[in-house]
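Residue numbers (the UniProt record's numbering): 1 to 863. We treat Cβ as the ideally placed atom computed from N, Cα and C, and that holds for glycine. In this text, all values refer to a predicted model and were calculated from it rather than measured experimentally.
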């Protein structure tokens with residue numbers, strides 16, 4: 001006999017059928033009364049686990065995309081409670097920002113009223129869903145008590161030189177009338193509304209995330225094996241570290257040098273022209289110093305370029321365009337004059353906004369050179385062997401060295417000026433003076449030494465990553481805690497005056513106009529210089545909402561603390577987050593920013609860890625009509641409407657069972673009816689049990705006991721591998737085996753039936769908590785099954801003559817097979833192909849790939 005909770009004296013429920021909604025209401029009331037999922041404090045000696053789902057935007061009701069994500073969150077949180085951990089699983093709302101503000105504007109509502117009304121809808125839906133949150137730790141980022149600490153964080157970054165203001169070309173969404181960070185532009189369009197993004201020159205606030213570029217890149221090594229490889233790859237590519245040299249060029253008629261970054265400084269002898277971004281300050285300056293005709297041509301060209309997206313400018317399959325500025329740069333290594341062109345394929349915010357063009361060895365430069373009949377000088381012989389320390393010299397039949405100048409060579413045949421194909425491969429340097437004969441690596445080292453000795457260059461790194469643009473021209477966000485004085489100084493609002501709260505929205509025109517609505521709050525804009533007492537103005541912009549979400553996981557440790565952003569002691573006990581769960585669409589935006597802020601807080605001594613999330617779980621999307629469910633697209637199946645029929649538990653089970661966590665699923669293919677039938681079968685099993693809670697399990701049917709204990713043994717690893725759909729399949733197998741024993745074996749009094757029913761209730765709690773609690777009570781125990789410690793499998797029952805094999809079709813479990821434990825792969829595949837359930841699941845589709853791992857898994861991929 002094994003028992004983990006004292007039996008209840010109340011009799012099990014009698015009569016009636018499975019009423020999902022009644023069971024839901026009953027257990028939600030019990031949970032609300034008892035608050036069983038609150039994380040334990042210092043007196044709780046259990047090991048800790050911090051489980052967190054990416055928090056939602058409250059711009060409308062939740063939908064099935066949210067239902068999937070938060071089902072997975074609850075699976076993980078409930079699992080670790082069963083495994084004996086003190087689990088923190090909080091919930092909050094990312095309640096500032098464009099989605100909520102735009103929705104409020106469309107309805108003529110105050111963003112506050114609209115936002116908090118939606119939050120109440122969300123809370124109700126989450127409770128009806130059975131989510132096991134610690135409801136004592138709620139936060140809303142639009143509360144002054146929260147965004148005060150955004151302002152505190154801004155001030156600390158400003159003091160460390162990590163927050164600054166500058167004028168530069170920015171991404172501008174003409175629809176939302178606000179700037180966008182580079183990461184918020186997808187294929188040249190606003191990731192929120194889809195409008196085509198243009199460039200606009202504005203003075204904006206930035207966080208200096210580039211100061212942390214190396215750490216952000218190198219620390220990804222810590223996350224290998226714990227984060228999806230796709231996310232790690234995306235972050236590496238976005239940071240985009242390049243190693244090379246900064247090279248200083250003089251410009252005729254201009255004081256000071258212009259610095260160019262190049263990954264191939266070894267090709268400096270092959271530079272034949274110089275290119276500047278047309279929308280850079282340098283281009284405007286050089287054009288201004290040229291002739292009237294050049295100035296006019298440049299201005300016309302600039303206006304055309306400003307209508308282009310960065311994606312268009314970087315495209316390799318469009319004709320190259322540009323304007324000669326009638327100015328000349330001086331090559332620092334050989335003194336040659338290089339004509340300066342403004343061309344749109346160079347971007348103002350990449351590198352230094354200027355490049356040395358080496359057309360023989362760079363395809364974009366070559367395309368430009370051929371378009372404008374510019375010289376092409378080959379300085380790398382890509383046909384020359386690079387093994388060994390010196391070039392290999394070819395000999396004729398008599399052993400005499402072949403003079404490469406006396407015969408046509410393959411390099412001549414590959415001349416880029418003629419073929420239009422740049423020579424980008426490895427080789428030996430030629431036409432490069434003292435570098436001739438060197439390999440690329442040695443030539444780079446040598447040229448950097450020469451540049452450093454001459455004071456015209458140095459080794460350097462460049463990054464694709466740009467500083468984080470945080471200011472937004474919208475109302476519904478965190479006010480920036482500075483004042484602008486009459487003499488041009490920027491002064492921080494003193495800490496004791498925080499929070500700097502938003503004014504009342506009444507009377508303000510919140511519709512996007514290109515400038516922040518806060519600028520129209522005349523009284524609010526008036527401020528006093530805290531250093532001199534003189535009149536000053538507030539900053540009219542608000543912060544990007546990604547600031548809000550960059551540290552929110554820390555605020556959950558004390559969401560109502562008025563004295564500090566978060567208690568360091570609690571942060572260091574609970575964090576980093578053990579399991580962070582959400583969509584892959586945040587792979588760059590949110591995750592990059594939160595990693596940056598965590599490293600800044602580490603440097604400030606506020607936390608003792610450098611990565612915020614130990615494990616990352618990305619779920620796929622729920623599609624409707626073939627596209628992602630979205631409020632903006634209006635293709636939703638709302639969360640709340642599914643809670644009555646078929647019930648929250650059926651929705652949870654159906655979503656989890658629909659396929660692997662990371663796969664997209666079509667809502668039309670999700671079987672809530674099938675899930676409801678399974679839950680009713682499980683519930684009936686508990687009702688059929690007639691043995692007492694203190695029955696001796698070992699005296700029961702041994703075949704059923706082996707099934708029960710194999711499930712108990714296998715499920716923990718499956719959950720940690722996020723194979724939640726397979727766990728549900730194994731539960732279905734256990735319920736079927738129990739039903740078979742009830743109907744054909746010793747009947748409902750068999751001790752093994754009770755053991756199996758109790759194990760089913762405990763495991764089912766992760767997926768269908770209302771049904772599981774009802775089963776637990778029916779079986780004679782006090783609440784709550786969600787707090788029951790995991791039953792330990794008996795190793796003597798794990799030695800089986802037969803095992804259960806799972807058959808998947810395109811990632812979905814379609815059948816289970818009882819097979820010999822030593823079955824070979826060919827036999828297992830043959831049995832799987834012949835099974836009627838598999839044949840029906842294939843529906844005539846062709847199997848293009850079969851993965852067989854005897855004796856447990858057969859996975860078919862079809863087309």
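**Asked** Excluding sequence positions up to five away, which residues of its chain have a Cβ less than 7 angstroms from the Cβ of residue 797?
**Response** 705, 706, 709
**Item:** Start-to-end residues for the beta strand (DSSP E) that takes in residue 484
**Value:** 482-485
**Message:** Measuring straight from C-alpha to C-alpha, what distance separates residue 223 and residue 790?
**Reply:** 29 angstroms
**Request:** Quick one: give me the first and last residue of the alpha helix (DSSP H) that residue 592 is part of.
**Result:** 589-603
**Message:** Just to confirm the assignment, what range does the alpha helix (DSSP H) spanning residue 119 have?
**Reply:** 111-129
**Item:** Alpha carbon of residue 609 to alpha carbon of residue 134, nearest angstrom
**Value:** 24 angstroms
**Strand pairing of residue 628, partner residues [DSSP]** = 623
**Request:** Going by CA-CA distance only, name the one from 63, 153, 640, 510 that's closest to residue 565.
**Result:** 153
**Message:** If I measure Cβ to Cβ from residue 403 and keep anything under 7 angstroms in the same chain, skipping five residues before and after, which residues do I get?
**Reply:** Caution applies to residue 403, whose pLDDT of 46 falls short of 50 and renders its modelled position unreliable; the value that the coordinates give is listed next. No residues qualify anywhere along the chain.
**Request:** Look at residue 25 and residue 647 and say whether their C-beta atoms are less than 8 angstroms apart.
**Result:** no
**Request:** Report all residues from its chain with a CB closer than 7 angstroms to the CB of residue 115; omit the five preceding and five following residues, and keep chain order.
**Result:** 58, 95, 100, 142
**For residue 57, three-class secondary structure by DSSP** = coil
**Asked** Any heavy atom of the ligand GTP closer than 7 angstroms to the CB of residue 853?
**Response** In terms of ligand content, the structure shown is empty, and the ligand GTP therefore cannot be addressed.
**Request:** Please say whether residue 248 and residue 259 have beta carbons closer to each other than 8 angstroms?
**Result:** yes
**Message:** Given this structure, state the Cα-to-Cα distance separating residue 385 from residue 355, to the nearest angstrom.
**Reply:** 29 angstroms
**Prompt:** CA-CA distance, residue 200 and residue 352?
**Reply:** 18 angstroms
**Prompt:** If you follow the beta strand (DSSP E) that residue 249 is part of, which residue opens it and which one closes it?
**Reply:** 241-251
**Request:** In the DSSP assignment, find the alpha helix (DSSP H) that holds residue 936 and state where it starts and stops.
**Result:** It is not possible to answer for residue 936, since the shown part of the chain is limited to 1 through 863.
**Asked** When the distance is taken between beta carbons, is residue 619 closer than 8 angstroms to residue 653?
**Response** no
**Request:** Take every Cβ of the region 337-348, pair it with every Cβ of the region 319-329, and state whether three or more of those distances are shorter than 8 angstroms.
**Result:** yes
**Prompt:** Residues in its own chain within less than 6 angstroms of residue 643 by CB, not counting five upstream and five downstream?
**Reply:** 128
**Prompt:** Between the beta-carbon of residue 50 and the beta-carbon of residue 131, is there less than 8 angstroms?
**Reply:** no
**Segment contact, 8 angstroms Cβ cut-off, at least three pairs: the region 500-516 with the region 427-437** = no
**Asked** Considering only C-alpha positions, which residue in the set 834, 754, 746 is nearest to residue 694?
**Response** 754
**Item:** Stretch pair the region 485-501 + the region 279-286: three plus CB contacts closer than 8 angstroms
**Value:** no
**Prompt:** Run through DSSP, which three-state label would residue 444 get?
**Reply:** helix
**Prompt:** Given a threshold of 16 other Cβ atoms within 10 Å of its Cβ, counted over all protein chains shown, does residue 528 qualify as buried or as exposed?
**Reply:** exposed
**Start-to-end residues for the beta strand (DSSP E) that takes in residue 200** = 198-207
**Request:** Counting only runs of 4+ residues fully inside the region 55-95, write out the alpha helix (DSSP H) ranges in chain order.
**Result:** 64-82
**Request:** Mind the definition here: the region 354-374 touches the region 297-313 only if three or more C-beta pairs lie below 8 angstroms; say whether that holds.
**Result:** no
**Item:** Closest residue to residue 54 among 747, 616, 498, 781 (Cα-Cα distance)
**Value:** 616
**Message:** Given this structure, state the Cα-to-Cα distance separating residue 689 from residue 724, to the nearest angstrom.
**Reply:** 27 angstroms
**Message:** Only counting the same chain, and skipping five residues up and downstream in sequence, which positions put a Cβ closer than 6 angstroms to that of residue 477?
**Reply:** 96, 542, 543
**Request:** Under 8 angstroms by Cβ, that's how I've got residue 861 and residue 852 pegged, so tell me the actual separation to the nearest angstrom.
**Result:** No, residue 861 and residue 852 are not in contact; Cβ-Cβ is about 12 angstroms, not under 8 angstroms.
**Prompt:** In terms of DSSP beta bridges, what is residue 469 paired with?
**Reply:** 206
**Item:** Identity of the residue in 812, 837, 656, 856 nearest residue 764 by Cα
**Value:** 656
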